[in-house]
Amino acid sequence: MHPLLASRARLGTYLLGWVPVTVMLAAMGRIQGWSWLEALALAVPLCLIAALLSLSAWFLCQALPLGNTTEGLGSHGIAWAMAASLMGGLWSGLAWSLARLGAWVPGLEALPDRVGKALPVLTGLGILLYLAALALHYLILAQERAAEAERKGADLQMLAQESELKALRAQLNPHFLFNSLNSLSALTSVDPARARQMCVLLSDFLRRSLGLGERKLVTLREELDLARAYLAIEQIRFGARLQVDWAITAATEPALLPTLLLQPLVENAIKHGIAVIPEGGTLGIATTLLDGHVVATVTNPTDPEAPAPQGLGLGLNQVRQRLLGRFGHRARFEATTEAGLHRVLLVFPLEVQP
Amino acid sequence: MKAMIVDDEDLARAVVREHLAANPDVEVVAECSNGLEALKAAALHQPDLLFLDIQMPKLDGFEVLELLEAEGRRLAVVFVTAYDQHALRAFEANAVDYLLKPFSPERFDGALAKARALGQARPPATQLATAARAGKPLERIVVKDGPKVSIVHLERLDWIQAQDDYVLLRTEGKNLMKQQTLASLDGQLEATRFIRIHRSFILNLERLVRIEQDSKEHREAVLRDGTRLPVSRAGYQRLRELWEGA
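Line order of the protein sequences matches chains R and A.
With the first letter of the first sequence counted as 1, position 110 gets the number 109 in numbering that gives the first Met the number 0; the numbers rise by one all the way through.
With the first letter of the second sequence counted as 1, position 148 gets the number 147 in numbering that gives the first Met the number 0; the numbers rise by one all the way through.
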């Protein structure tokens with residue numbers, strides 16, 4: 000479909016663009032001593048025809064797209080010149096025919112003679128107008144392509160986010176799983192009762208994470224329950240090295256948020272915090288309500304001798320993108336390391352299931 | 000035979016201990032929950048065999064082994080890990096024995112038998128660690144500094160100088176010496192961060208302020224703290240390639 004014919008607004012704007020050309024053409028006639036009637040009788044229909052003819056430039060643009068290099072511009076140039084000459088000739092021919100027809104109307108008897116003298120100028124003008132139309136259409140083409148590329152990019156990003164989420168759901172941290180099974184293997188002889196407890200905890204965690212995988216949005220309560228199940232297992236594995244400090248405001252629990260947003264933060268806090276410190280430490284999870292927003296923080300001690308990480312890791316970056324992807328500027332993500340404490344802060348509007 | 004179990008998880012050590020109980024000729028002389036403890040205990044107990052976890056706080060398993068080797072300690076090792084595909088590939092390629100958590104008694108006995116048979120015949124720890132990183136550059140260097148172990152994080156390393164069989168590491172105003180060749184260290188560093196500017200020098204590019212040219216063939220790198228290091232023609236070429244490539 001021709002982009003200018005696709006919408007009335009665009010076609011209107013395009014035709015409006017021809018008004019000054021018509022005025023100019025009429026003015027040229029007047030300068031040559033034509034009467035107003037003669038000048039307008041020629042200029043108005045001729046410009047209307049030119050406007051319609053120039054639309055054909057679109058097809059030439061599509062057939063001869065501009066590349067990124069100057070290669071091929073030579074052959075393109077020849078085609079443009081030929082098309083423009085053809086249009087220029089056609090246009091002046093039409094002017095001549097119009098003048099012939101106009102001669103039947105009283106007051107326009109001198110028109111064929113006047114047009115005959117102006118034919119070379121009209122041909123040149125026709126060529127220039129067509130070239131201008133060609134340039135305009137190339138601009139439109141470039142704009143359409145850019146818009147399409149943007150649309151495709153956005154689609155792709157959506158797809159990528161979707162598949163990322165799928166991968167996230169499918170991904171069960173293998174370290175966690177095998178280490179837990181190893182703890183279980185130890186407990187079977189050392190403490191069978193705890194071994195059984197660990198089996199139950201592990202099943203509980205697996206069931207919850209499989210269940211969450213089906214959905215896009217979950218309540219904060221469900222995310223917190225998953226974290227509780229996960230940390231109960233890690234507490235068996237790490238023993239006294241892992242203390243957990245919960246400070247949950249009940250009013251935040253129904254808040255909806257993208258699935259598995261909290262879990263990577265908790266896993267990170269174990270992996271880069273508790274697990275790298277010989278004596279371990281306290282992992283803090285807190286939520287509060289502030290001006291209709293949920294403020295959630297996950298804190299963990301860090302190895303004081305290791306340098307602070309540069310930028311966000313892949314996991315944190317994904318969390319950030321998914322949070323901002325869902326809530327936009329209404330959400331905030333912060334990750335800081337201060338005085339041996341790593342803290343991730345999420346702020347997002349409190350939205351609940353209707 | 001004297002054995003040590005090194006793992007940061009109590010329960011993980013318990014499993015190894017339990018399996019070892021079925022082998023009366025193996026005596027567990029120490030259990031350690033991190034790498035630094037392991038180094039101390041090894042000096043004290045002179046073990047013949049090590050059950051060594053890879054992921055631990057402070058020092059990882061490879062670094063523990065590297066430091067033990069630097070002390071001239073020769074012992075048999077069974078690596079124990081839950082999941083590390085790259086390390087497993089490195090072990091397979093170098094015929095080093097390992098145990099995957101959780102493991103069966105049969106698998107454990109097999110690993111023990113193999114470790115006894117192999118003894119200390121295995122590639123050096125640095126080589127295993129390099130293979131286990133699978134192309135990822137080094138992030139830190141461990142150095143035995145008298146009785147102390149120093150961990151040099153690469154962002155804190157200014158430059159490295161070759162000194163015979165040793166390298167001098169310049170970090171936070173201190174000099175540390177490590178027995179290693181400059182070339183072997185150069186091969187493990189990230190090529191866009193650390194540049195061999197001279198036969199005897201590797202420079203952390205972060206520290207470079209400018210290059211000064213005295214005469215046609217004599218160039219010097221001026222660092223942030225004012226230190227001047229020589230830049231050879233080949234070194235200058237490497238810097239230029241990096242800049243032009245960037």
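We put the CB at the ideal spot given by N, CA and C, even for glycine.
In this text the structure is predicted, and so the values were computed from the model without any measurement.
Pick from the options that is closest to residue i, judged by C-alpha positions
i                    : options                                       : result
phenylalanine 50(A)  : Glu189(A), Ala69(A), Lys143(A) and Val14(A)   : Val14(A)
leucine 340(R)       : Thr12(R), Pro300(R) and Cys60(R)              : Pro300(R)
alanine 249(R)       : Leu223(R), Leu241(R) and Gln317(R)            : Leu223(R)
arginine 236(R)      : Leu51(R), Gly272(R), Ala132(R) and Phe175(R)  : Phe175(R)
glutamine 196(R)     : Leu211(R), Met157(R), Ser179(R) and Ser208(R) : Ser179(R)
phenylalanine 102(A) : Ser183(A), Phe78(A), Glu91(A) and His85(A)    : Phe78(A)
tryptophan 17(R)     : Ser84(R), Gly125(R), Trp103(R) and Leu259(R)  : Gly125(R)
glutamate 62(A)      : Met0(A), Gln126(A) and Asn174(A)              : Gln126(A)
glutamine 61(R)      : His1(R), Leu349(R), Leu183(R) and Thr335(R)   : His1(R)
lysine 215(A)        : Tyr235(A), Leu204(A) and Ser32(A)             : Tyr235(A)
glutamine 317(R)     : Val275(R), Thr296(R), Ile276(R) and Leu261(R) : Leu261(R)
leucine 311(R)       : Pro263(R), Glu278(R), Ala80(R) and Gly76(R)   : Pro263(R)
leucine 153(A)       : Gly327(R), Ala307(R) and Leu121(R)            : Ala307(R)
asparagine 203(A)    : Phe193(A), Ala94(A) and Glu240(A)             : Phe193(A)
arginine 99(R)       : Leu41(R), Arg150(R), Leu255(R) and Ala56(R)   : Leu41(R)
glutamine 187(A)     : Asp108(A), Gly134(A) and Glu36(A)             : Gly134(A)
aspartate 302(R)     : Ile276(R), Ala25(R) and Arg193(R)             : Ile276(R)
Exposure of residue i, with buried meaning 16 or more beta-carbon neighbours within 10 Å
i                   : result
leucine 138(R)      : exposed
serine 53(R)        : buried
leucine 155(R)      : exposed
phenylalanine 58(R) : exposed
proline 19(R)       : exposed
glutamine 179(A)    : buried
leucine 209(R)      : exposed
threonine 69(R)     : exposed
proline 257(R)      : buried
arginine 207(R)     : buried
valine 199(R)       : exposed
histidine 85(A)     : exposed
histidine 217(A)    : exposed
isoleucine 77(R)    : exposed
threonine 129(A)    : buried
serine 360(R)       : Residue 360(R) is absent from the structure shown; chain R starts at 0 and stops at 353.
methionine 23(R)    : exposed
Rounded distance between the beta-carbons of residue j and residue i, thought under 8 Å
i               : j                : result
valine 346(R)   : arginine 331(R)  : 4 Å
alanine 41(A)   : leucine 67(A)    : 6 Å
alanine 124(A)  : glutamate 65(A)  : 4 Å
alanine 134(R)  : tryptophan 90(R) : Actually they are not in contact, since the Cβ atoms of alanine 134(R) and tryptophan 90(R) sit about 17 Å apart, beyond 8 Å.
arginine 227(A) : glutamate 240(A) : With 8 Å as the limit, arginine 227(A) and glutamate 240(A) do not qualify as a contact, their Cβ atoms being about 22 Å apart.
Residues near residue i by beta carbon distance below 6 Å, same chain, minus five either side
i                   : result
arginine 29(R)      : Ala38
arginine 244(R)     : Strictly speaking, residue 244(R) in this sequence is aspartate, with arginine absent from that position. The answer, listed in chain order, is Thr281 and Gly283.
arginine 12(A)      : Ile4, Asp6 and Glu30
threonine 251(R)    : Leu219, Thr286, Leu288 and Val293
glutamate 333(R)    : Leu344
phenylalanine 90(A) : Tyr97
glutamine 234(R)    : Leu241
lysine 116(R)       : none
Proximal residues of chain D, C-beta to C-beta of residue i below 7 Å
i              : result
proline 303(R) : Note that chain D does not occur in the displayed structure, where the protein chains are R and A.
Same chain, Cβ closer than 7 Å to residue i, five either side skipped, listed in chain order
i               : result
valine 208(A)   : Val221, Leu222 and Arg223
proline 44(R)   : Leu97
arginine 198(A) : Ser231
aspartate 24(A) : Met0
valine 151(A)   : Arg139, Ile140, Val142, Leu168, Thr170 and Leu175
Three-state class that DSSP yields for residue i in the structure shown
i                 : result
methionine 176(A) : strand
tyrosine 137(R)   : helix
aspartate 244(R)  : strand
alanine 94(A)     : coil
histidine 18(A)   : helix
isoleucine 276(R) : coil
histidine 1(R)    : coil
alanine 330(R)    : coil
tyrosine 235(A)   : helix
alanine 305(R)    : coil
methionine 23(R)  : helix
glutamine 31(R)   : coil
leucine 216(R)    : strand
histidine 44(A)   : helix
histidine 292(R)  : strand
leucine 74(A)     : coil
threonine 251(R)  : helix
Contacts around residue i, its chain only, beta-carbon distance under 8 Å, and the 5 residues preceding and following it disregarded
i              : result
alanine 214(R) : Reading off the sequence, residue 214(R) comes out as arginine, not alanine. Within the same chain, arginine 214(R) has close Cβ partners Thr258.
leucine 4(R)   : Leu10 and Leu54
heavy atom of the ligand HEM below 7 Å from residue i C-beta
i                : result
glutamate 154(A) : The ligand HEM is not part of this structure, which contains no ligands at all.
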